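Written out below as structure tokens is the structure these notes cover.
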Amino acid sequence: MDTYLVTVLNGLAMGSLLFAVALGLSLVFGMMDVLNLAHGAIYLVGAYVAVALPGDGASPAMFVAAVLGAAVAGAVLGGALAGMTRATPHHLDQALLTLGVALVVAESLTVVFGSDVHSPAAPAPLDGGVRILGETYPVYRLLVIAFGAVLAVAVYHLVERSRLGAVIRATVADRAMVSALGVNTGRVLVGVFAAGAALAAAGGVLAGPILGAQPGLDEKVLLLALVVVVVGGLGSVRGALLGAVLIGQVQALGVALLPEYASFLLFAAMAVVLLVRPAGLLPTPTAVRA
């Protein structure tokens, strides 16, 4: 029972990280209809920011500064990608463009940091563990779980309950009408794109002490994020959260119980969900109509 509890907690920690990364991808693709294959590379930027922190374990203040700095860098990259994809309305063109950006970013990071596997440490005061039902569990992973919960509540209220969220949802539903009302829909697109990229980069820093940083990790994270988006439903904050928790649990349980079949179980879970609900578990009404 103790072992299963640790596995479930690991799944929640993984789900929190996947939620931070997949949420931006879901909003940009599901709500703004832009396919961004550079999302994993932006995550990798954040992961290497964690690698660049000095010492075996940075102070909490320095770590928070790294998260904020990575978020700013991600927002800048996201804003630039938004500007580039505005001139390429077709999904195939967007995929090729953002894939090219992803390759350039990933290769640049390899040149700077090398091809070794890096394992940055958690902030020094959070590098210990606490006893839970007789098992020692890392404090840092518990804080990652708490971060995912706070992020879910904050983004849900922003998108579903605020005036800004109403503008975003209205832009998705009828961009021409919103533009006729005097709203700069181009800025809305850039803002959503930048916010999603900022979350991916910040998630990379937070995931550094858990997943590390290495070439090719961007592709794995992008694939997991796409699975979360497909399972949860495009453009849905609640769907991204539910999909991230589900995939995080499947991933953790698969690695713990059947490591040789972990990848198979992941895609099997996605296939089952799509057979039952082709639009995902909690898609937006726009995605359902599409």
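Numbering (my numbering), first residue to last: 693 to 982.
Backbone N, C-alpha and C define an ideal beta-carbon position, used for all residues, glycine too.
Quick caveat: nothing in here was measured; it's all calculated off a predicted structure.
query                                                                                                                                : result
Sub-8 angstroms separation of Ala739 and Ala899 beta-carbons                                                                         : yes
Proximity to Val913 [Cα-Cα], best of Pro901, Ala892, Val922                                                                          : Ala892
Identity of the residue in Arg879, Met962, Val831, Ala814 nearest Met754 by Cα                                                       : Ala814
Exposure of Val980, with buried meaning 16 or more beta-carbon neighbours within 10 Å                                                : With a pLDDT of only 45 at Val980, under 50, the local geometry of the prediction cannot be trusted, and no value is derived from it.
Coarse secondary structure for Arg981, derived from DSSP in three states                                                             : Its pLDDT being 45, under 50, Arg981 is placed unreliably by the model, and the measurement read from it follows with that caveat. If DSSP states are grouped into helix, strand and coil, Arg981 belongs with the helices.
Residues that Ile824 bridges to, as DSSP identifies them                                                                             : Glu827
Beta-carbon proximity list for Ala982, same chain, < 7 angstroms, skipping 5 on both sides                                           : Here Ala982 scores only 46 on pLDDT, less than 50, and its place in the model is too uncertain to base an answer on.
Rounded C-alpha distance that separates Pro907 from Val875                                                                           : 41 angstroms
Beta-carbon contacts of Val809 that lie in its chain and below 7 angstroms, excluding the five residues immediately before and after : Gly904, Gln906
8 angstroms Cβ cutoff met for Gly716 and Val741                                                                                      : no
Span separating the alpha-carbon of Ala858 from that of Val822                                                                       : 42 angstroms
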